[in-house]
Every structure is written in structure tokens, then in C-alpha cells.
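> Below you'll find the structure I mean.
Numbering (this note's numbering), first residue to last: 35 to 435.
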């Protein structure tokens, strides 16, 4: 019995000692874990860096000036395929005017040019003694080619007949001279008769030569006159073509349609009158932001920036990478309820419209949307970031009276 009690007492004392040792060791373990965690945190905070940024509220602005679409020649509005607020691409038709009169003027000038071109081909062939070679412009009008070919054949035949007639007379005179020369030597024909025939021969030779020369001179003069007329008609043709093309108005840039002046089909637009405006929407965006003077010391053109469009949740879509390319030379004043607040105007151009969080998202970003610009000014460790408020408070408090 006593032995059993003794053994029980020994076991109880051992258990009590173990529990006591465990209770005494717990604070030391907690302290050790805490110390290890703090050391690890400070080592991480000392070695880890985060970006330092200067934030500025901004707004999306057109990357280029608002484009005004005008009708140079005016006219009757035939169709208006766009409406205010529509997105258009560069080269898209935005207005169509009636082309009836302009097309008639163009066709008339084109036919006139083709006719003169056919005449020049015929005259050139007459000058060089070749067959006419007509331009593609003239080939569109077979009636002109037929008439010029007929005239070419007629004029060439007339010249040939005239020359042949003179040549026939000349041959007879020469034959008569040949017959009378022996008679003149025998004294049967006077010398005067021979001289008369020789003079007639010379006159006929000169007449044949003059006929040929006069013909080519007339053709050359007609060619020069026709060439001058064609030059004037071609200038008119270019003008008519331009007027015809200007009856269709195209978007000069990709953008958003606004301020349409005439919306009624059949309405009349005066020459030079504005039809609509297009706010450019390029692939790159420009954000105009207001930067606090307190942050300007570390801001330089060319620095990397991140743009967060307020309309699209940053946690979902991310930001748009960009570059700072403009800083105002001096501060400007922003009128608020609190008074005049100075700021520096900065411009940031994005690298496209692809959001970092959702590159595949096709989001419509319009001028006027608000945004937040974060300009990266450098890097700092997490430890310095955490200790900065404490150090600042200590330094400022030491200077107080």
C-alpha cells in the first residue's frame, strides 16, 4: 500500500514538472517566432522595392484637332448615312450630294477632250505620213475615231490628187521641151519658145514643192491649235472631275461625328459651308492631367506613366501604359470652391488602347472621359516607405519651439 502511494506520488511530481516546463517554454517560443517573423519582415521590407508615382486627375482629349467636314461647291444633300455620335473610320462616306449636274459637266468635258485627242492623232499621222494611232481616251468614243479616219483618208486623197495633177502637167511640159529642143537646134522652133517651156517647168516644180510645204504648214498650225485647245480642256476636265468627286464627302480621320449642320435629305448646302465635325479617335490616346506643384520636382518628359480610365474598373481591366510628353512651362490656376488651386498641365500619350488587365477587351474610349494618371518617378524600398512618416515626424518635431 505504501509502495503504491509512493509510486503514484513520483508519477504525479513528474507530470507536474513537465507541465511547468511546457508553460515556462511557451513565452520563449512565442518570442522566438515573433522575432523570426519581424526579422524576416524587415529583411523583406529592406530588399523589396515598389514604384514611386505622382498621381494626377485628367481627362481624355482628342489626339489631334477636331476635323471640320465642308462642302466646297455646295449642292443638294442626297444622303446622310451617319448621325451625331456615330463612330466613323477614315475614308468612310459621311455625306452624298446630288451629282446630276456635276456628272453632266464632267462627261461633256471628257467627250470634248477625247474628240481633240482623236484630232491630234490624225494630224500627227498627216505630218509624219503614218497611220493614226489613237489614245485609250479616244477609243471610248468610236464615233470620233471613225470621223477622224474618214477625214484622214479624204485629206490624204485630196493632197495626192493635187500633187498628181501638177505632176501630170509637169510631165507634159517636160515632154514638150524634149520634143522642141531638137527643132530649136534645127531652127524650126525659136529659142524663146524653149525658154517659155523651161520657165513653165520651173514654175510647176515650185508649185508642187509649195503645195507640199503649204499642206504641212497648215497641218502643223492646226496641230498646234488643237494641242492648245486640248490642254485647256484637260484642265477643265480635271476641275470637273474634282467637282464630281467632291459631291461625296469622306471622313478625313477616324473619330466620332458631332455637330451635323443639315440633317434633312434634300436640303441645300452653300459652297464652303460646314456639314459636320469629327472628333478624332486614334489608336493612341492623349490624356490631359493636372499635376500638383508638390510633385513637379521629379517629373520629366519621357517618363513612363500608367493611365486608369475611371469608367473601367482598374481591378478588372488594369491600366493603359503611356509616356509623358508635355509639361506646361508654368503653373495654371484652377478655380474651385476652395479658391484658386495651382497646377501644372501635363499630357500623356498611351501606347494603343490595350488594357493590361484584359488585352482582349474592345472598349470604346471617348474624348471627355475622366482618368487618373500615375507617373512613375522612381523606386523605393518598402522599409523606407514605412519609416518615412516616422522620420518626417521626428525631424519636424525636433525643430519646434
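Where is the CB? At the ideal position from N, CA and C, for every residue including glycine.
Within 10 angstroms of the Cβ of residue 378, are there 16 or more other Cβ atoms? Answer buried if so, exposed if not.
Answer is buried; the Cβ neighbour count reaches 16.
> In whole angstroms, give me the CA-to-CA distance for residue 303 and residue 277.
So the alpha carbons of these two residues sit roughly 15 Å apart.
> Which residues in the same chain have their Cβ closer than 6 Å to the Cβ of residue 44, if we skip the five residues on either side of it in sequence?
For residue 44, the predicted structure reports a pLDDT of 45, less than 50, and the residue's modelled location is therefore unreliable. A value from the coordinates is still provided. Cβ neighbours of residue 44 beyond the five flanking positions: none.
> Here's the rule: buried if 16 or more other CB atoms are within 10 angstroms of the residue's CB, otherwise exposed. What is residue 162?
Residue 162 should be labelled exposed.
> Any beta carbon from chain C within less than 8 Å of residue 341's own beta carbon?
Although the question refers to chain C, the structure presented lacks it and comprises just one protein chain.
> For residue 319, which of 365, 351, 305 and 405 has the nearest alpha-carbon?
Per the Cα distances, 405.
> In whole angstroms, give me the CA-to-CA distance for residue 305 and residue 146.
Going by the C-alpha atoms only, they are around 27 Å apart.
> I'd like the list of long-range same chain contacts for residue 109, defined as Cβ closer than 7 Å, with 5 residues on each side in sequence excluded.
Around residue 109: 131, 132, 281 and 303.
> Assess contact between the stretch 354-367 and the stretch 280-296, defined as three or more Cβ pairs (one per stretch) separated by less than 8 Å. Is contact present?
Judged by Cβ distances under 8 Å, the stretch 354-367 makes no contact with the stretch 280-296, as fewer than three pairs qualify.
> Tell me the DSSP secondary structure of residue 310 in three-state form.
Residue 310 falls in the strand class under three-state DSSP.
> Taking just the CA atoms, how far does residue 265 sit from residue 99?
If I take the Cα positions, the gap works out to 39 Å.
> State buried or exposed for residue 149, treating a residue as buried only when at least 16 other CB atoms are found within 10 Å of its CB.
When all chains shown are included, residue 149 counts as buried.
> Near residue 274, what residues of its chain come up, given a Cβ to Cβ distance below 6 Å and the 5 sequence neighbours on each side ignored?
Hits under 6 Å: 139, 140 and 143.
> Give me the Cα-Cα distance between residue 128 and residue 386, rounded to the nearest whole angstrom.
Going by the C-alpha atoms only, they are around 26 Å apart.
> Considering only the alpha carbon of each residue, which of 192, 256 and 204 lies closest to residue 153?
It is 256.
> Curious, which full-length beta strand (DSSP E) runs of at least 3 residues does the stretch 254-339 contain?
Here the runs fully enclosed are 282-284, 289-292, 307-314 and 320-325.
> Rounded to whole angstroms, what's the CA-CA distance from residue 223 to residue 206? Just pull it up for me.
Each residue's alpha carbon lies about 18 Å from the other.
> Can you tell which of 322, 399 and 367 has its C-alpha closest to the C-alpha of residue 408?
When each option's Cα is compared against that of residue 408, the closest is 322.
> Any chance the stretch 156-171 sits against the stretch 184-204, with 3 or more Cβ pairs inside 8 Å?
At 8 Å Cβ cutoff, the stretches touch.
> Expressed to the nearest angstrom, what Euclidean distance is found between the alpha-carbon atoms of residue 338 and residue 93?
The straight-line gap from Cα to Cα measures roughly 18 Å.
> Here's the rule I'm using: 16 or more other beta-carbon atoms within 10 Å means buried, otherwise exposed. How should residue 397 be labelled?
Result: exposed.
> Please give the ranges of any alpha helix (DSSP H) in the stretch 103-127, keeping only runs that are unbroken, at least 4 residues long and fully inside the region.
Taking only runs of at least 4 residues, no alpha helix (DSSP H) segment lies wholly in the stretch 103-127.
> What residues in its chain sit with their C-beta under 6 Å from that of residue 263, if we drop five residues either side in the sequence?
Answer for residue 263: 150, listed in chain order.
> Under 8 Å between the Cβ atoms of residue 88 and residue 333?
Yes.
> Given a threshold of 16 other Cβ atoms within 10 Å of its Cβ, counted over all protein chains shown, does residue 313 qualify as buried or as exposed?
With 16 or more other Cβ atoms within 10 Å, it is buried.
> Measuring CB to CB, does residue 103 end up less than 8 Å from residue 310?
Their beta carbons are under 8 Å apart, which means residue 103 touches residue 310 by this criterion.
> Would you mind working out which of 237, 215, 101 and 400 sits nearest residue 285, comparing C-alpha positions?
Closest option to residue 285, Cα to Cα, is 101.
> Short check: CB of residue 200 to CB of residue 231, under 8 Å?
Contact flag unset, no.
> Look at the alpha carbon of residue 390 and the alpha carbon of residue 107, and state the distance between them as a whole number of angstroms.
One C-alpha to the other measures close to 48 Å.
> Could you give the distance in angstroms between the alpha-carbon of residue 307 and the alpha-carbon of residue 301?
Taking the straight line joining both Cα atoms gives about 13 Å.
> Do you know how far the Cα of residue 181 is from the Cα of residue 136?
Rounded to the nearest angstrom, the two C-alpha atoms are 28 Å apart.
> In the DSSP assignment, find the unbroken beta strand (DSSP E) run with residue 368 in it and report its ends.
366-370 is the extent of the beta strand (DSSP E) around residue 368.
> Of all the options 156, 216 and 212, which has the alpha carbon lying nearest to the alpha carbon of residue 253?
Checked all of 156, 216 and 212; the closest Cα to residue 253 is 156.
> Among residues of its own chain, excluding the 5 on either side of residue 126, which ones have a beta-carbon nearer than 6 Å to its beta-carbon?
For residue 126, where only same-chain residues beyond five positions count, the Cβ hits under 6 Å are 285.
> Give me the residue from 394, 325 and 382 with the minimum Cα distance to residue 350.
It is 394 whose Cα lies nearest to the Cα of residue 350.
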